[in-house]
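Chemist:
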Amino acid sequence: MITWLISGIIKGLLSSPFSMAINQTTKYGNIAITEEAVASLSGEAASECYGVVGLVEPSASRAYIRELLKKEDFVKGVHTKKTKLGYEIDIFLVVAYGVKITEVIQEVQKRVSYVLKKTFGMQRVEVNVLLQQIIEVK
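Under the numbering used here, think of the first position of the sequence shown as 9, with each following residue one higher.
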């Protein structure tokens, strides 16, 4: 009976795509911010950087990578994980041909880190940018 209960709890936790990233209690009540909210804001901040064409799903093969994610689907192109030291954000990007890629990636890292610290008060944020493709923008 206990094994079944624990198994059910674990299955329920694993079936949820996002867990709570930030939980705080203030004198006014509880604050709960999901990893989905963190991922959405991270994707939006990254997409606004110069040279970024868009975000893609990490599982997208080269054949499907031309389909960039829409703003409401940015969470599919960002993975968030809470670690012992803070938060780890993985962003899957497509950048424009002809831009200095290292500069674009550094700008994405700085911007996403700044926005998350400013908006959610996250103190330690590691932003990993995974370049998926370079395309020519016409």
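Every residue, glycine too, gets a C-beta built ideally from N, C-alpha and C.
In three-state DSSP terms, what is Y122?
Modeler: helix
Chemist: Out of curiosity, what's the CA-to-CA distance linking V86 and Y36?
Modeler: 31 Å
Chemist: Using the Cβ count rule (16 or more neighbours within 10 Å means buried), how would you classify S23?
Modeler: For S23, the predicted model reports a pLDDT of 41, less than 50, meaning its position is unreliable; a value from the coordinates is still stated below. S23 is exposed by the Cβ-count criterion.
Chemist: Here's the rule: buried if 16 or more other CB atoms are within 10 angstroms of the residue's CB, otherwise exposed. What is R132?
Modeler: exposed
Chemist: Rounded to whole angstroms, what is the Cα-Cα separation between P25 and Y95?
Modeler: Bear in mind that the predicted position of P25 carries a pLDDT of just 49, short of 50, making it unreliable; the figure below should be weighed with that in mind. Counting only the Cα atoms, Y95 lies some 17 Å from P25.
Chemist: Using a threshold of 7 Å, state whether the C-beta atoms of V137 and I99 are closer than that.
Modeler: yes
Chemist: Out of T91, T88, G59 and G51, which one is the CA nearest neighbour of L77?
Modeler: G51
Chemist: What first and last residue would you give for the beta strand (DSSP E) that runs through G37?
Modeler: G37 to T42
Chemist: Give the DSSP-derived three-state secondary structure of K146 in the structure shown.
Modeler: Of the three classes helix, strand and coil, the one that applies to K146 here is coil, per DSSP.
Chemist: Tell me the DSSP bridge mates of F100?
Modeler: L138
Chemist: On a Cα-Cα basis, can you pick out the residue from A104, V107, V103 and K84 that is closest to I97?
Modeler: K84
Chemist: Per DSSP, which one or two residues make a beta bridge with T88?
Modeler: I97
Chemist: How many Å lie between I143 and Y105 at the Cα?
Modeler: The straight-line gap from Cα to Cα measures roughly 5 Å.
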